[in-house]
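For reference, the structure is listed below as structure tokens.
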Amino acid sequence: MIDSHAHILTDDQDRYPPSPPSGEIKPGELDDPMTIERLLADMEGAGVDKAVLVQRGSVYGFDNSYVCDSVMLAPEKLAAVCAINGEEDAAADRVRHWVGERNAVGIRFMELVRDKGIGWLDSSSARGAWRAAVDLNVPTCVHFFPWNRAIGLQYLHSILQEMPQAHIVIDHFSNMDVNAGAPDFGLDDLLGQLVEFAGVTIKFTTIPLGRLDKAGVDAAPIVKRVVDHFGADRVMWGSDISQSPGTYAYMSDLARKSVSLLDDHQKSLVLGGTAASLYGRNWS
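Under my numbering, the first residue of the sequence shown carries the number 382, and numbering increases by one thereafter.
What follows is the structure, encoded as structure tokens:
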């Protein structure tokens, strides 16, 4: 089992000082941090073999040192995805640095300051970063919120028209409305049409799974709907540990329950195989 979306935090604020783009972090955020050592122990206890460390941009901004340094503790089972500032003129150079020099296996874009807008996602500087990721053959993660999902997915359509070979990972089911009910469970045309681009992968995490669990809604039909549309080799699970509430054991248990309607081959892909194909370039 591979966790494609683990956030880590550290109590060593001297070596890794917080640098939140919003100017502040939530009270208590670093009081009981999910350090890399703690994550590795929790993974072992939950039966998770490998993890992709996704930069916690809301805390550390675009300094990806902690996730990249942490990979070196267990390079055979860890990999790093780094946050990139798409508004920065040197965005492409940042991609080349974190991937080429610090061995990151992917990059990530998201709106780190609410209401700032996401128009930069399709800017010339961001497109430079997109192209750099394509040249380096690493995937680009994109996180959309409910308020920027529609325009963000439209930008992806435009970007993929120019770079159809790009590998793009859409986080958290794109924040589609999973409560919309059968038969589509929120899988609308904006997201569904991206199936024509072979490099698009859908990631789901405890963000939708936890909400559904809290509401007493079975996530399995929703996961199956997405898998039926995109294929199991283009869908993967991630925990969102330290960002979403709950223990690591709870999150991994939700993941296993969510794939109950899939066959064994599909389960193996969604719970590990897809992530390994995207992010396992440095794993033995």
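Using N, Cα and C, we set each Cβ at its ideal position, and we do this for glycine too.
Query                                                                                                                                                       : Result
Starting from F443, trace the alpha helix (DSSP H) both ways and give me its first and last residue.                                                        : From DSSP, F443 is part of no alpha helix (DSSP H); its letter is neither H nor E.
Would W511 and I532 qualify as a contact pair, given that the criterion is a beta-carbon distance under 7 angstroms?                                        : no
For A325, tell me which candidate among N663, D496, V480 has the shortest Cα-Cα distance.                                                                   : Not covered by the structure: residue 325. The range shown for the chain is 382 to 665.
Quick one: any contact between the segment 578 to 593 and the segment 547 to 560, if contact means 3 or more CB pairs under 8 angstroms?                    : yes
Taking the alpha-carbon positions, what's the K605 to E577 distance?                                                                                        : 19 angstroms
Closest Cβ-Cβ distance between M424 and chain B: below 7 angstroms?                                                                                         : Of the protein chains in this structure there is only one, and it is not chain B.
Which residues share a DSSP beta bridge with H524?                                                                                                          : M491
Below 8 angstroms on the Cβ atoms is my contact criterion, and I expect S439 with L493 to pass it. Report the Cβ-Cβ distance as a whole number of Å.        : 6 angstroms
Please report the straight-line C-alpha distance between L652 and W501, rounded to a whole angstrom.                                                        : 32 angstroms
Which value, in whole angstroms, describes the spacing of the CA atoms of D392 and A563?                                                                    : 44 angstroms
Using the C-alpha atoms, what's the distance from R592 back to I622?                                                                                        : 14 angstroms
Taking 8 angstroms as the threshold, find out whether the segment 382 to 392 comes into contact with the segment 419 to 430 through three or more Cβ pairs. : yes
Quick check: what's the CA-CA separation for M453 versus R396?                                                                                              : 16 angstroms
What is the rounded straight-line gap between the Cα of L659 and the Cα of R483?                                                                            : 17 angstroms
In its own chain, which residues sit with a C-beta less than 6 angstroms from the C-beta of V550, not counting the 5 before and 5 after it?                 : P520, C522, T582, K584
Here's the rule: buried if 16 or more other CB atoms are within 10 angstroms of the residue's CB, otherwise exposed. What is Q574?                          : exposed
Assuming L642 and A601 make a contact with CB atoms under 8 angstroms, what is their CB distance in whole Å?                                                : 5 angstroms
Leaving out five residues before and five after D696 in sequence, what residues of the same chain have Cβ atoms less than 7 angstroms from its Cβ?          : No statement about residue 696 is possible, as the shown extent of the chain runs from 382 to 665 and does not include it.
Buried or exposed: R662, going by 16 or more other Cβ atoms within 10 Å of its Cβ?                                                                          : exposed
Tell me whether the beta-carbon of V429 lies closer than 7 angstroms to the beta-carbon of S633.                                                            : yes
Which two residues bound the contiguous beta strand (DSSP E) that contains I583?                                                                            : 581 to 585
Secondary structure at I588, three-state DSSP: helix, strand or coil?                                                                                       : helix
Is A387 helix, strand or coil by DSSP?                                                                                                                      : strand
Looking at the structure shown, is I622 part of a helix, part of a strand, or coil, going by DSSP?                                                          : strand
Would DSSP call A669 helix, strand or coil?                                                                                                                 : Outside the modelled stretch of the chain, which goes from 382 to 665, sits residue 669, for which no answer is possible.
So, with DSSP's three-state summary, where would you put I499?                                                                                              : coil
So what's V429 in DSSP terms, helix, strand or just coil?                                                                                                   : coil
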